[in-house]
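Scroll down for the structure; my scribbles are underneath it.
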Amino acid sequence: MKYFNNVSTLEELRRQYKELLKRFHPDNPQGSTQATQEINAEYDRLFKLLKDKHESKSDKTADSTNTKQSEYSKNMYDWENDKALREMLQKSISFDGIEIEIVGAWIWISGNTYSYKKDLKELGFKWVSQKKMWYWKSESYQKKSRKTLSMNDIRNYYGSVKIQMNELRAIEA
14 MKYFNNVSTL EELRRQYKEL LKRFHPDNPQ GSTQATQEIN AEYDRLFKLL
64 KDKHESKSDK TADSTNTKQS EYSKNMYDWE NDKALREMLQ KSISFDGIEI
114 EIVGAWIWIS GNTYSYKKDL KELGFKWVSQ KKMWYWKSES YQKKSRKTLS
164 MNDIRNYYGS VKIQMNELRA IEA
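When the letters of the sequence shown are read in order and numbered with my numbering, they come out as residues 14 to 186.
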């Protein structure tokens, strides 16, 4: 693999993917559209391998104790949610002058978003006036508490990766 190193779990894959997107985004001096596409292609291949590996392990352990399976299931990714998150990230990455932050399995957008208000709504983002940010989450996510958390609390709990979106450079030049 050209970009990913020593990935053996989905957690490691997702963590490296976020870091690579941040580092090789076209807005960064060392980034480019081609690098981003190569990273996505590698991610897809590794994701499929790790998913198949996980599914074959679950088939083998299905006959053994359910304790191991239920313990693993607590930390298991929902494949469809992961795919939806990546697709939404690809759609929103093209907006100029915004900041994208991935917090857990949510995408938060801030910055100069006024001109993209209609586009963000069409993509399924929702505006949070208290945080002055847009967010997107998978439809399968259900909030379990009525507690209102600050962005710092949310970041500390789930972890976050920020991608600063400055005006896109003309890469073809």
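Note that the Cβ used here is the ideal one computed from N, Cα and C, for glycine as well.
Just to confirm my understanding: we take residue i, look at its own chain, exclude 5 residues before and 5 after, and list those with CB closer than 8 Å. What are they?
{"i": "Trp-147", "result": "Trp-121, Ile-122, Ser-123, Thr-126, Leu-133, Phe-138, Lys-139, Trp-140, Val-141"}
{"i": "Leu-26", "result": "Phe-17, Val-20, Tyr-56, Leu-59, Phe-60, Leu-63"}
Along the beta strand (DSSP E) that carries residue i, what are the first and last residues, could you check?
{"i": "Tyr-148", "result": "146-149"}
{"i": "Lys-131", "result": "Segment 130-136 is the alpha helix (DSSP H) holding Lys-131; no beta strand (DSSP E) there."}
{"i": "Ser-123", "result": "119-124"}
{"i": "Lys-15", "result": "Element bounds for Lys-15: n/a, residue is neither H nor E."}
Please return the same chain residues whose Cβ sits closer than 7 Å to the Cβ of residue i, not counting the five positions on each side in sequence.
{"i": "Arg-3", "result": "Limits of the chain in this structure are 14 at one end and 186 at the other, which puts residue 3 out of reach."}
{"i": "Ala-48", "result": "Phe-37"}
Assign residue i to one of three DSSP states: helix, strand, or coil.
{"i": "Ser-173", "result": "strand"}
{"i": "Lys-160", "result": "coil"}
{"i": "Glu-100", "result": "helix"}
{"i": "Ile-52", "result": "helix"}
{"i": "Glu-152", "result": "coil"}
{"i": "Ile-106", "result": "coil"}
Within its chain, find whatever has a CB closer than 6 Å to the CB of residue i; leave out the 5 residues flanking it on each side and keep chain order.
{"i": "Tyr-56", "result": "Tyr-30"}
{"i": "Met-164", "result": "Lys-144"}
Where do the ends of the alpha helix (DSSP H) carrying residue i lie?
{"i": "Glu-32", "result": "23-37"}
The ligand MN heavy atoms versus the CB of residue i: any closer than 7 Å?
{"i": "Gly-110", "result": "With respect to small molecules bound, the structure shown includes none, and the ligand MN cannot be examined in it."}
Contact defined as beta carbons within less than 8 Å: I believe residue i pairs with residue j. What is the distance between those atoms, to the nearest angstrom?
{"i": "Lys-160", "j": "Leu-136", "result": "Incorrect: roughly 27 Å between the Cβ atoms, too far for contact."}
Query raised in the report: Quick one: any contact between the segment 167-177 and the segment 34-52, if contact means 3 or more CB pairs under 8 Å?
Result: Three or more beta-carbon pairs drawn from the segment 167-177 and the segment 34-52 are found closer than 8 Å, and the two stretches are therefore classed as touching.
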